[in-house]
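*Asks:* My questions will all concern the structure given below.
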């Protein structure tokens, strides 16, 4: 006989046994990156129940293919059904919708204009903008294509995308920036160093890159594979927006981008997909 849940805070009855099983699933997800995988006593402790009780629920979770048990080591991991459910949930999330819907909140928190960009045929392209309420508008516009070398947004894509995608646009930027003064253009090694610094800082920064009166920062957003799918950027007056990687606004921007990445299925313990320079 199925047991009704005693938890009626929302005024609805549920199946208590199912909720208990989900506590074990939550514990297993918490330990999903453990090496070696967890044993029953670890999962039971995390779920707050005796191992004997946890074992009974694990039998049903294994039958449902939500959990797998290695018979040789008695260790547990997520099963094929759990992996499929997670994949389907991730695939149903649209970074454009998810990231765009967060911009008003992020803008209000940072106090500066914010934008979301994705990689399109012509390069890093702004797809959503939220303007800060300031006496003088400093922002960008939807549809604007950002240069790779002279914009914070572009630096993020240059740092995390493979060079096979970005090289033509990098060459275009070098030509636009230096023209006939090509002897002053940065070498490939110098450009690689710029991108390496962006990866180490976890964001791209520019001081007067496109406009001498405007500073900008941009943080990467990753999907469940660890691949770059978007960049979250903020920009403001040069005298107000601190682009130091350790500044409060830089930390906040990285955290907002990390939150979106997490909702897309990216785990911070994963290794991001880095470009081959």
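Numbering (this note's numbering), first residue to last: -7 to 269. A virtual CB, placed ideally from N, CA and C, is assigned to each residue, including glycine.
Compute the Euclidean distance between the alpha carbons of residue 20 and residue 163, then round it to the nearest angstrom.
*Replies:* Approximately 48 Å, taken between the alpha carbons.
*Asks:* Is it the case that the Cβ atoms of residue 253 and residue 214 are separated by a distance below 8 Å?
*Replies:* Yes; because the gap between Cβ atoms is below 8 Å, this pair is in contact.
*Asks:* So the beta strand (DSSP E) residue 143 belongs to, where does it begin and stop?
*Replies:* It is not in any beta strand (DSSP E) - residue 143 carries neither H nor E in the DSSP assignment.
*Asks:* So for residue 247, helix, strand or coil by DSSP?
*Replies:* helix
*Asks:* Under a Cβ-count criterion, where at least 16 other Cβ atoms within 10 Å of its own Cβ denotes burial, should residue 216 be classed as buried or exposed?
*Replies:* It counts as buried.
*Asks:* What first and last residue would you give for the beta strand (DSSP E) that runs through residue 101?
*Replies:* Where residue 101 is concerned, there is no enclosing beta strand (DSSP E), although the alpha helix (DSSP H) it sits in stretches over 87 to 102.
*Asks:* How about residue 91 and residue 222: are their beta carbons less than 8 Å apart?
*Replies:* Yes, the Cβ-Cβ distance between residue 91 and residue 222 is below 8 Å.
*Asks:* Secondary structure at residue 22, three-state DSSP: helix, strand or coil?
*Replies:* helix
*Asks:* Can at least three beta-carbon pairs, one atom from the stretch 175 to 186 and one from the stretch 114 to 123, be found at a separation below 8 Å?
*Replies:* no
*Asks:* So, helix, strand or coil for residue 105, using DSSP?
*Replies:* strand
*Asks:* Start and end of the beta strand (DSSP E) containing residue 229?
*Replies:* 220 to 229
*Asks:* Residue 199 and residue 235: beta carbons closer than 8 Å?
*Replies:* Going by C-beta atoms, residue 199 is nearer than 8 Å to residue 235.
*Asks:* Excluding sequence positions up to five away, which residues of its chain have a Cβ less than 6 Å from the Cβ of residue 150?
*Replies:* 140, 158 and 187
*Asks:* Below 8 Å on the Cβ atoms is my guess for residue 58 versus residue 17; work out the distance and round it to an integer in Å.
*Replies:* 6 Å
*Asks:* Decide if residue -5 is buried, meaning its Cβ has at least 16 other Cβ atoms within 10 Å, or exposed.
*Replies:* With a pLDDT of 48 at residue -5, under the threshold of 50, the modelled position of that residue is not reliable, and the figure given next carries that caveat. By the neighbour-count rule (16 or more Cβ atoms within 10 Å), residue -5 is not buried but exposed.
*Asks:* Between residue 259 and residue 26, what straight-line distance do the alpha-carbon atoms span, to the nearest angstrom?
*Replies:* 13 Å
*Asks:* Give the range of the alpha helix (DSSP H) segment to which residue 43 is assigned.
*Replies:* 43 to 55
*Asks:* If I follow the unbroken alpha helix (DSSP H) through residue 274, where does it start and stop?
*Replies:* Missing from the structure shown is residue 274; the chain here goes from -7 to 269 and no further.
*Asks:* Exposed or buried, residue 94, counting other C-beta atoms within 10 Å across all chains shown (16 or more means buried)?
*Replies:* buried
*Asks:* Taking the alpha-carbon positions, what's the residue 206 to residue 248 distance?
*Replies:* Spanning the alpha carbons of residue 206 and residue 248 requires a straight line of approximately 21 Å.
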